[in-house]
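> Mind having a look at this structure? Questions to follow.
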Amino acid sequence: MSSIVKIKTIEHLTHDVLKIVAEKPKELSYSPGQAVDVSINKSGWEKELRAFTFTSLPEDDHIEFNIKTYPSHNGVTNQLLTLKTGDELIIGDVFGDISYKGEGIFIAGGAGITPFLAILRNLEKSKSIGHSKLLFANKTKADIIQEEGFKKMLGNNFVNILSDEQLEGYEHGFISAEVIKKHSAPNLKYYYLCGPPPMMTAVEKHLATLGVANEFIVREAF
Ligand SMILES: Cc1cc2nc3c(=O)[nH]c(=O)nc-3n(C[C@H](O)[C@H](O)[C@H](O)COP(=O)(O)OP(=O)(O)OC[C@H]3O[C@@H](n4cnc5c(N)ncnc54)[C@H](O)[C@@H]3O)c2cc1C
Numbered sequence: 000m001s002s003i004v005k006i007k008t009i010e011h012l013t014h015d016v017l018k019i020v021a022e023k024p025k026e027l028s029y030s031p032g033q034a035v036d037v038s039i040n041k042s043g044w045e046k047e048l049r050a051f052t053f054t055s056l057p058e059d060d061h062i063e064f065n066i067k068t069y070p071s072h073n074g075v076t077n078q079l080l081t082l083k084t085g086d087e088l089i090i091g092d093v094f095g096d097i098s099y100k101g102e103g104i105f106i107a108g109g110a111g112i113t114p115f116l117a118i119l120r121n122l123e124k125s126k127s128i129g130h131s132k133l134l135f136a137n138k139t140k141a142d143i144i145q146e147e148g149f150k151k152m153l154g155n156n157f158v159n160i161l162s163d164e165q166l167e168g169y170e171h172g173f174i175s176a177e178v179i180k181k182h183s184a185p186n187l188k189y190y191y192l193c194g195p196p197p198m199m200t201a202v203e204k205h206l207a208t209l210g211v212a213n214e215f216i217v218r219e220a221f
C-alpha cells in the first residue's frame, strides 16, 4: 500500500544532502534503521521508486529523510532538488535489515549514516547509547552529515575519518583494520555496517582479519 504525503520542509544539511520533513502516513509503522520506497508525485516520476531510510523516530508526528543528491545521475535525487514545501512524495513499502542488537561499533560511509542516525536517536531518547561508538567515513569535513548532533550524542565516541582532507582531530585515510582495532573493546560486541558497496567489502575484509564472527556483523549496503 502506498500513501501520498506533503513535504513540510526541505532544506540543505550539507552542500549535497537534503533534509526532507514530510507528513506521516496514517497507517505507517517502522522501526529505527528501516527504509521505505519513495517516489515523487510528479508526472513521469511516480513509478521511480528509490530506497530512503527514516531518520525520524516511529513515534514522531512526521517523517524525516536525509538524502544525498546525485545531480550527475539525472535521477530521483536530482529531482528532489527541485521540490519545495507543499510538493508531494509517494511513500511505499517499509523494509531493511539493520536493527539494534546491543552495544557496538557503528561504521558508516557517507549517506550510509542514515540508519545509524535513527538508531542512535532512539537510544539517546531512552538514555541507552552506553559505550557504543560511531566511525564515520567521508571525503571531507563538509560532507559530514549531522556532525554537531553526533558530537552531542556520542562525545569522544564519535570518530570521523576523512579520505581527502587532513585535519586535526580527524583520522585521515580510509577505514582500516588498525582504526577499527584501535576503537574495539570487549564490551562492544556488535559491528554495524552501512555504506556504498566498495566500502562494505573493504570493512568486511578488515573485520574478518580481526577475527570478528559473522553473527556479530549487522549490515546494509546502499
Ligand atoms: C535500504 C536502503 C536505504 C537507503 N537509504 C538512503 C538514505 O537514507 N539516504 C540516502 O541519501 N540514500 C539512501 N540510499 C541510497 C539511495 O537509494 C540512492 O542513492 C538513490 O536511489 C539514488 O537515486 P537516483 O535516482 O538519484 O540515482 P540512481 O538510481 O543511482 O541513478 C539514476 C540513473 O543515473 C545513472 N547513474 C547511476 N549511477 C551513476 C553514476 N555513478 N554516474 C552517472 N550516472 C549514473 C543511471 O543511468 C541510473 O539509471 C539507500 C539505499 C538502500 C538500498
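First residue of the sequence shown: 0, per numbering that gives the first Met the number 0; consecutive thereafter.
Using N, Cα and C, we set each Cβ at its ideal position, and we do this for glycine too.
(1) How about GLU219: is its Cβ closer than 7 Å to a heavy atom in ligand 1?
(2) Note down, in chain order, each residue of its chain lying with its Cβ closer than 8 Å to the Cβ of LEU119, except the 5 sequence neighbours on either side.
(3) For ALA34 and LYS140, I'd like the C-alpha separation in whole angstroms.
(4) Considering only DSSP beta bridges, list what ILE19 is partnered with.
(5) Got a list of residues with beta-carbon closer than 5 Å to any non-hydrogen atom of ligand 1, in chain order?
(6) With a cut-off of 8 Å on the beta carbons, I'd call ALA110 and LYS67 a contact; round off their distance for me.
(7) Under the DSSP definition of a beta bridge, which residues are partnered with ALA220?
(8) Between the alpha carbons of LYS5 and ASP163, how many angstroms are there, rounded?
(9) Compute the Euclidean distance between the alpha carbons of LEU27 and PHE53, then round it to the nearest angstrom.
(10) Please confirm whether PRO31 and LEU12 have their CB atoms less than 8 Å apart.
(11) Let me check one thing: in DSSP terms, what residues is TYR189 bridge-paired to?
(12) What does a CB cutoff of less than 7 Å around ASN186 pick up in its chain, not counting 5 residues either side in sequence?
To lay it out plainly:
(1) Answer for GLU219: yes, Cβ within range of ligand 1.
(2) Here the set comprises PHE105, ILE128, SER131, LEU133, PHE149, MET152 and LEU153.
(3) Their Cα atoms are separated by approximately 26 Å.
(4) Beta-bridge partners of ILE19 (DSSP): ILE9 and PHE64.
(5) With the cut-off at 5 Å, the residues found are ALA34, ARG49, ALA50, PHE51, THR52, ILE66, LYS67, TYR69, SER71, HIS72, GLY74, VAL75, THR76, ALA110, THR113 and PHE221.
(6) Right, the Cβ-Cβ distance comes to about 4 Å (below 8 Å), so this counts as a contact.
(7) Under DSSP, the beta-bridge partners assigned to ALA220 are GLY194.
(8) The alpha-carbon atoms of LYS5 and ASP163 are separated by roughly 38 Å.
(9) Cα-Cα distance, rounded: 11 Å.
(10) The Cβ atoms of PRO31 and LEU12 lie no closer than 8 Å to each other.
(11) According to DSSP, TYR189 bridges with GLY103.
(12) Counting only Cβ-Cβ distances below 7 Å, and skipping sequence neighbours, we find GLU102 and HIS130.
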